Structures are given as structure tokens and as C-alpha cells.
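What follows is a single structure, written as C-alpha cells, with notes after it.
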Ligand code: AMP
């Protein structure tokens, strides 16, 4: 087992000054590192496999769909505005850089369904909290949230206190 953090590239001042961007493409392009990442996620939920996986656009789609395939459960995309064609629910949220909103199809999740939310990175938690609200707006039960990376120094977990949060790599500082 290798230390997956060695595959993450920090790019200074992207997309704007002061942001240390965690580039995961350096992990994704490495076959064994990608496989290990999926194995770690799968192992974390092996005793309580979710009934649906929600992936947050766009890097949450990468890990989310692989996990859904592996567990043979459905995958639901939570998307940036204007991408989903049918009836939606939406949530406004704050980013580490800027603000945005997320959308989900109204028929994506059934009442009481156990849902795992997946994204590449937890920063301030605004994005993840919006995804939680979207799932709950449809009556879904958020079983947990899974991230490859957590920027612990931004305290995103504090926005997700009611929920089980799992991350593979944690950064204590920039
Ligand atoms: P937040 O809402 O602040 O938790 O931001 C999380 C979202 O923004 C995730 O979808 C990340 O992909 C992206 N993001 C925020 N900060 C960074 C960063 N430093 N490096 C890479 N992606 C980031």
C-alpha cells in the first residue's frame, strides 16, 4: 500500500492567487494509485453498502461511478446549474473561491434511501452541505460523505456535524 498523498500535486495560485489547488490528475493517471483509492473507499463501507451513490460535479463523478458500479447500486449526479434536463431541486452554496449552486433531479432519490455522497475534496464544506440538503430535500437519508482529500484547516466538517465524514488524505495546513 503506498501513501496516496504522494500522488497529489499542489498547484499554487490556481485558479486564483492564494489558493493551493490539490490536483488529483496525478493520482488518476497512475493505475495502482487509482485502484488503491477505490479499494480504500470500498473497504470503508463494506459492512453497510449504500443504496445509492451521489457524486458531486465534476471530480465526484470519477470515484462515485466506480463505487456505484462496484456495489451494483445507482449513481446520481449533483450538477452545476443548467445541466440537468428534467425537473430539479437546487441549493445555493459558498465555495472557497466564489459562490455557485448545485442541482439534482427531483426523481433521483426515493424516500428513505441510504445515500453516500462522494467528492474529491472537502474544503470549507459549503459544497458538501448543499449536496446533503439536496439529498434530504428528496427524502433521502445521508449515510455518509466520502472524500479523497480533506483540507482539515478549513474546518469543513463543522458544516457536516450530523453526518459521518470519511477522508483518505488530510491536510493540516496549505
Ligand atoms: P468547499 O465547498 O469549500 O468544501 O469546496 C469543495 C469543492 O471545491 C470541491 O468540489 C473541490 O473539488 C473544490 N475545491 C475547493 N478547494 C479546492 C482546492 N484547494 N483544490 C482543489 N479543489 C478544490
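In this note's numbering, the protein residues as written are 108 to 281.
All residues carry an ideal CB built from backbone N, CA and C; glycine is no exception.
Everything numeric in this text was worked out from a predicted model, so none of it was measured.
If you measure from the CB of residue 172, is any heavy atom of the ligand AMP nearer than 7 Å?
Checking the Cβ of residue 172 against the ligand AMP gives no.
Quick one: what's got a C-beta closer than 6 Å to residue 280's C-beta in the same chain, skipping five residues either side?
Answer for residue 280: 260, listed in chain order.
Can you confirm whether the region 180 to 187 touches the region 147 to 162 when touching is taken to mean that 3 or more C-beta pairs between the two stretches lie within less than 8 Å?
Output reads yes: the region 180 to 187 touches the region 147 to 162.
Would you say the region 189 to 209 touches the region 144 to 151, given that touching needs at least three Cβ pairs under 8 Å?
Short answer: they don't touch.
Note down the Cα distance separating residue 115 from residue 169, rounded to an integer number of angstroms.
So the two alpha carbons sit approximately 16 Å from each other.
Based on Cα-Cα distance, which residue from 185, 151 and 156 lies nearest to residue 167?
Nearest option by C-alpha distance: 185.
State the DSSP-derived secondary structure class of residue 205, mapped to helix, strand or coil.
Three-state DSSP puts residue 205 in coil, outside helix and strand.
Going by Cα to Cα distance, which pick from 108, 241, 217 and 113 is closest to residue 133?
When only C-alpha atoms are compared, the closest one is 113.
Could you compute how far the alpha carbon of residue 213 sits from the alpha carbon of residue 191?
Near 10 Å, if we compare the C-alpha coordinates of residue 191 and residue 213.
Are residue 224 and residue 255 close, meaning C-beta to C-beta below 8 Å?
No, these two residues do not count as a Cβ contact at 8 Å.
With respect to the beta strand (DSSP E) encompassing residue 189, which residues constitute its N-terminal and C-terminal limits?
Element bounds for residue 189: n/a, residue is neither H nor E.
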